[in-house]
Structure formats: C-alpha cells, structure tokens
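A.B. asks:
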Amino acid sequence: SDAAHAITDYIVGYYSALRPHEYNGGLPPNESENRYWKNSNAEASFS
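Position one of the sequence shown corresponds to residue 1 (the UniProt record's numbering), numbered consecutively onward.
1) Mind checking whether G25 and S32 have CB atoms under 9 Å apart?
2) Spatial neighbours of P28 within its chain, please: C-beta separation below 8 Å, excluding the five flanking residues on both sides.
3) May I ask you to list the residues that DSSP assigns as paired with L27?
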C-alpha cells in the first residue's frame, strides 16, 4: 500500500540514515552501526 511504502521510505531514508539519536551519542543508527563494525575487528568464520 502507499502508506506502508511511505513509512518504509521514512525509516530507511531519514530515521535510520540521518536523524541523530541520543542513545547513539548523537549519531544516526546507520553511522553508529558502521562505527561498531569498523571498530569490532569482527571476522566471519565459515567451516
């Protein structure tokens, strides 16, 4: 529906990408996640 599409666009395009969140130290969620993975030195292991 148009409403569901508009809500998804808002969340993906603004809320997660640009809007600063106090919980994340004033960073948008996407930036906070990028910094987490960059600093975590996480490695995937496939066996």
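Don't be surprised by glycine CBs; every beta carbon is placed ideally from N, CA and C.
Remember, it's a predicted structure, so these values are computed and weren't measured experimentally.
C.D. replies: To lay it out plainly:
1) As a first step, residue 25 must be located in the sequence shown, where it is residue number 25. As a first step, residue 32 must be located in the sequence shown, where it is residue number 32. It is a contact, given that the beta carbons lie within the stated cut-off.
2) Reading the sequence shown from its first residue, position 28 is the one you call residue 28. Here the set comprises S16, A17, L18, R19, P20, H21.
3) Here residue 27 corresponds to residue number 27 of the sequence shown, with the count starting at 1. Beta-bridge pairing links L27 to H21.
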